[in-house]
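Down below is the structure, laid out as C-alpha cells.
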Amino acid sequence: MAEKTVYSEPLVKTGLRQALLAPVRLAMGLVDIPMRGWQKLTGLNGMAGVFLAPNMLIFTVFVLLPLVINFLYSTTSGSAIFLPNRTYVGADQYRILFDCGSYLDPSTCAADTFWAAVRNTAVFVVFQVTVMLIAALATALILNRELSNRGFWRAVFFFPVLLSPVVVGLIWKWILQREGLLNYALSPFGFEPFSWLSDRFWAFFFAVFVSVWAHMGFYALILLAGLQAIPRDLYEAAAMDSARPTRIFRRITLPLLMPNLIVVLVLALIRAVQIFDEVFVLTGGGPGTSTMYITQYIYETGFASSLRNPGLASAASILMGIVLVILTLVQLGVSSRNEKKGARQ
Amino acid sequence: MSAVSAFLLRRRGRGWHWTDVVTWIWLISGVFLMFGPAVWLVFSSFKTPAALAEFPPSFLPYVTEQAVVPGYDKPLPLYNVAMPDGSTRVLAEVRRIGIIGQMVDPKQPGEIVKANIKDRTPVRQVEFAGGNYTEPFQRFDCFLFLRNSVFVTVVATAITLLVNSMAAFALSKYQFPGRTAVMLMILATLMVPLSVIVVPLYSVIGTLNLFDSLWGVILPTVATPTGVFLLRQYMLTIPDELLDAARMDKASEWQIYWRIILPLSAPALAVLAIFSVVWRWNDFLWPLIVLSRKELYTLQVGLNVYAGELNVQWHYILAMTVVSMIPVVLIFVFLQRFITTGIAGSGLK
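Those sequence lines, one after another, are chains A and B. Here the first sequence is numbered in numbering that gives the first Met the number 0, starting from 0 and rising by one per residue. Here the second sequence is numbered in numbering that gives the first Met the number 0, starting from 0 and rising by one per residue.
What follows is the structure in C-alpha cells.
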C-alpha cells in the first residue's frame, strides 16, 4: 500500500482515538463514492469547486448576502422584518441619524441616543486603547525579562482572555456591588460603601478597566512575540556600552517593536469600537446612557426596544462598518508593508 | 520559606535595579488582579445566601452553626455571648428586638437571657454549600442551558473544521480561475464583525426558518475566514509531491483530502478546534438575538437573563458562572502552550 508511506504519525496512539475516528472514517469513505463519480465527470480541477462549495455557500448566505441586504434595509422603515414588507424611504434613515442641532450635544439630535452612543464610543475608544497599549506593553516587557517560571506568569496575564464576556461582566459586577469585595477592601481606609456602577464616572472607569482586564493578555502576547524576535546581540552590544535601560528601550526596543505595536494598536481600535458583551452585562449601558456604546445601540434599536426599528439600526451599523473598514484597510496596509520589509531583511 | 524567597528574589546579574522592583510589583499585583477575581468567585460560589449578603465578606464560605432546642420548632443560630461577668457562653438566639437579642442556653431552654447584639459573635464553621450547584439544575433550566451550549459548541466546531479545511485545501492545492478573488473576498471579510450585519442576518435566519433553533446559532458562525486563512497557510507547507504520488496510486481527490491533507494538518486543525470551542462556548450577542424560547438558551444567555431576573440570587448565578468557566479553564490548563504560540504566531483571534 503506497498510501501507508504518506501517513503522518498520529499525535496520540490510543484505542479511544481509533474508536472516535471510526465513524468519521466510515462517513468519509461513503462520501468518496459519489466524489469519485463527480471527479470522472469534471477532472482534477473541477474538484476545487466541490471542496470550496460548502464554505462558500455558508459564507455567501450568512456573511455576503447580509452585507448586501444591510444596504437595502437601511433604505426602508417600519418594524417588519421581512424585506418585501418594508417601505422604501431612500436616505431617510441616514437623514434621521444626521439630523442634529449640534453634533457636540447629543440631546439636540433626532436620534439622540445614537449620538450619545457615538460620543460614548469615541471617548471609550480613546481611553481604553491608550490604557490597553500601555498595560500590554508593560506586561510584555516584563514577561520578556529573564524570569524563572515564565510560563506561569504568562498564564497569569493571559488567563482572562479565554473567559466569556458574560463571566467577565458578572464577576466584576458582583465585586463592584455595594456589598462587594471592593468596598470591603476600601473600608479600612475609611471609605463608605458605594455602588460603583451607579455613578457615571465610575461606571465608565470600570467599563474601561474591565475590558482591559479581559483582553490585555492577548495583546501582551503579540507584543511578547515581537520582543522575542529582536536579536539578542543588540542588547548585548548595548550592555557593553553600559547604556541605561530607558535609553535601550527608546533606541532599540521601541523602534524594533513598532510593527507589532501598530498591529496591536489597530486590532485594539477595531475591537474597542465593537465593544458590547462585557459592558452590557456589567452596566447594561447605565447609569442612564452613560456606558451605552454603538453596538448596544444597534442591538436595542433593531431588536430589544418596544418600538424596534431595524432600518435605523442598519443605517447605524453601516456607519459603524465604514469606520471599521477604514481601520481594517489601515491594518492590511501596515501588515503588507511589514511583510515587504521582512522580505527585504 | 527560604525556597519561596529564593524563588521570588532570584535574579541574574548584580544587585537590585529599579526595573527589578517594578517587575516584581507588576507581577505580584498581576496575580492578585488577574487570578484574584476568579479565585474569589470560585470560593464565593460555595457560600450560602446569608454568607454572601454578609458585610464584611469572608474569604472562606462560613455558615453559622445551629442547634435544635427543645420547645422551639426551628433550629436556632448559635452565638458566643460575652456575659456581663466577663465569662463567655454559647447561646441560641430566639428572636431579636432592636439591639437586644433574646437568647436561651440550649442546655437550659427554660430561661431567657437578654444580650446586647454587640456582645455576641456567631459560632461559625467552614462549610461548602454544594446546593448552589445542584439546585439550579433541579429547579431551573440550567441542565437545558448546559446541553444547548455543549450541542452548539460541539456541532459548530465539527462543521467549522470540516468546511474550513475543505476550502483551505481547494485554495492551497488547486489552480483555478477566481482563486485570488475568493482569497481576497475571504480576507476582506475577516474583520466584518457580527454587529455590522446583525440586522440583515436576523432576516436571513428568519427566511430560512431558523428562528429559535440552535442551527440558527450554529450556521452563521461556521464559515469563519480566520479558520480558512489559518489552515491554508499551513497546507501551503505540505509538499505537492505527496499529492502527485497518491494520484499515481489511483487515490481520488477526496481520499487525498482526508487521508493525506487532514492528518498532516493536525496541528493547525487542533489550534482552530481550540479557538472554535472557546469562541462558540463564549458567544453571547448572536444567541441572545436568535433564541427567544427559554428552553433553547445557551449557558451564556441563560446566565445573563438569570442575573437580571434573579437579582438577589447571587449564590445560584455564581455557581453557574463557575460551571460555564469549567471547559475554558480545562482547555487553558491542558493546552496553554499550544494556545499562546497559536495566537502569537498568527496574530489573529
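C-beta: ideal position from N, C-alpha, C; glycine also. As the structure is a prediction and not an experimental result, all values here were calculated from the model.
Contact list for residue i against chain B, beta-carbon separation under 9 Å
i: Y72/A; result: V198, P199, S202
i: Y298/A; result: S194, V197, L284, L287, I288
i: I57/A; result: I158, V162, L218, P219, V221, A222
Residue i versus residue j: straight-line alpha-carbon distance, rounded
i: L200/B; j: T220/B; result: 11 Å
i: L140/A; j: A219/A; result: 9 Å
i: I321/A; j: D91/A; result: 18 Å
i: S197/A; j: L25/A; result: 58 Å
i: L329/B; j: W278/B; result: 15 Å
i: W17/B; j: N259/A; result: 26 Å
i: R11/B; j: F337/B; result: Note on R11/B: pLDDT 49, under 50, position unreliable in the model; the coordinate value appears next. Using only the alpha carbons, I get a separation of about 28 Å.
i: W214/B; j: V68/B; result: 57 Å
i: S147/A; j: L26/B; result: 12 Å
i: G189/A; j: V332/B; result: 40 Å
i: A135/A; j: P159/A; result: 13 Å
i: Q344/A; j: M34/A; result: With a pLDDT of only 45 at Q344/A, under the threshold of 50, the placement of this residue in the model should not be trusted; the figure read from the coordinates follows. About 46 Å.
i: V20/B; j: P244/A; result: 14 Å
i: Q330/A; j: V38/B; result: 37 Å
i: L235/B; j: V151/B; result: 31 Å
i: V103/B; j: V93/B; result: 7 Å
i: G85/B; j: Y71/B; result: 28 Å
i: P309/A; j: T297/B; result: 25 Å
i: A266/A; j: P176/B; result: Inspection of the sequence shows that residue 266/A is occupied by Leu rather than by Ala. Going from the Cα of L266/A to the Cα of P176/B covers about 32 Å.
i: F127/B; j: R250/A; result: 55 Å
i: V209/A; j: E277/A; result: 8 Å
Cβ distance (whole Å) where residue i is taken to contact residue j below 8 Å
i: N281/B; j: Q299/B; result: 7 Å
i: L290/B; j: V216/B; result: 7 Å
i: G100/B; j: I111/B; result: The Cβ separation is near 10 Å, so there is no contact.
i: V276/B; j: T156/B; result: 5 Å
i: P135/B; j: M319/B; result: 6 Å
i: A167/B; j: R258/B; result: Their Cβ separation, rounded to whole angstroms, is 16 Å, which puts A167/B and R258/B out of contact at 8 Å.
i: A47/A; j: Y173/B; result: 4 Å
i: R207/A; j: F126/A; result: Reading off the sequence, residue 207/A comes out as Val, not Arg. Yes, V207/A and F126/A are in contact; Cβ-Cβ is about 5 Å, under 8 Å.
i: Y93/A; j: T75/A; result: About 12 Å; that fails the 8 Å criterion.
i: E252/B; j: L43/A; result: 7 Å
i: L170/B; j: M182/B; result: 6 Å
i: Y292/A; j: T112/A; result: No, Y292/A and T112/A are not in contact; Cβ-Cβ is about 11 Å, not under 8 Å.
i: V263/A; j: L222/A; result: 6 Å
i: S289/A; j: R144/A; result: Actually they are not in contact, since the Cβ atoms of S289/A and R144/A sit about 40 Å apart, beyond 8 Å.
i: I317/A; j: S202/B; result: Their Cβ separation, rounded to whole angstroms, is 15 Å, which puts I317/A and S202/B out of contact at 8 Å.
i: M319/A; j: V280/A; result: Actually they are not in contact, since the Cβ atoms of M319/A and V280/A sit about 21 Å apart, beyond 8 Å.
i: R153/A; j: L142/A; result: 6 Å
i: A237/A; j: I247/A; result: 5 Å
Closest by C-alpha distance to residue i, when choosing among the options
i: L32/B; options: V23/A, V211/A, R35/A; result: V211/A
i: L347/A; options: K39/A, A137/A, L66/A; result: Look at the range of chain A in this structure, 0 to 344, and you will see that residue 347/A is not part of it.
i: F97/A; options: L56/A, V88/A, E191/A, C108/A; result: C108/A
i: F34/B; options: W171/A, F113/A, P53/A; result: W171/A
i: F204/A; options: F190/A, F188/A, L175/A, P187/A; result: L175/A
i: T225/B; options: A315/A, L180/A, N54/A; result: N54/A
i: T63/B; options: V197/B, T47/B, I96/B; result: T47/B
i: V23/A; options: L207/B, L186/B, I158/B, P105/B; result: I158/B
i: A312/A; options: G77/A, S101/A, A52/A; result: G77/A
i: Q124/B; options: R95/B, A269/B, Y78/B; result: Y78/B
i: A228/A; options: F151/A, L253/A, R85/A; result: L253/A
i: Q65/B; options: S57/B, V89/B, S44/B, I288/B; result: V89/B
i: T294/A; options: W173/A, H214/A, T120/A; result: T120/A
Chain-ordered neighbours of residue i on chain B, where CB pairs are closer than 8 Å
i: L256/A; result: Result: empty, since nearest Cβ-Cβ is about 14 Å, beyond 8 Å.
i: S313/A; result: V198, P199
i: R35/A; result: S251, W253
i: D240/A; result: Under the 8 Å cutoff, chain B gives no residues; its nearest Cβ is about 16 Å from D240/A.
Within chain A, partners of residue i - CB distance below 9 Å
i: I330/B; result: L161
i: L40/B; result: V166, L169, I170, W173, I174
i: W280/B; result: S163
Proximal residues of chain A, C-beta to C-beta of residue i below 8 Å
i: V327/B; result: L161, L162, S163
i: F168/B; result: F50
i: S394/B; result: The shown model of chain B, from 0 to 348, leaves out residue 394/B, and the question about it has no answer.
Where residue i meets chain A, residues with beta-carbon distance less than 7 Å
i: L302/B; result: V165, L169
i: Q335/B; result: A154
i: G215/B; result: Within 7 Å Cβ-Cβ: nothing; G215/B doesn't reach chain A, min ~10 Å.
Closer than 7 Å at the beta carbon, the chain B residues around residue i
i: I251/A; result: The contacting residues do not exist; I251/A stays about 15 Å from chain B at best.
i: M27/A; result: W257
Cutoff 9 Å: residue i Cβ touching any chain C Cβ
i: D91/A; result: Going by chain labels, chain C is absent from the structure shown, which instead holds the protein chains A and B.
Give, in chain order, every unbroken run of the alpha helix (DSSP H) that is at least 4 residues long and sits entirely within the segment 157 to 197 of chain A. 164 to 175, 180 to 185
Would you mind listing the alpha helix (DSSP H) stretches within the segment 25 to 58 of chain B that are 4+ residues and don't spill past its ends, in chain order? 35 to 43, 48 to 52
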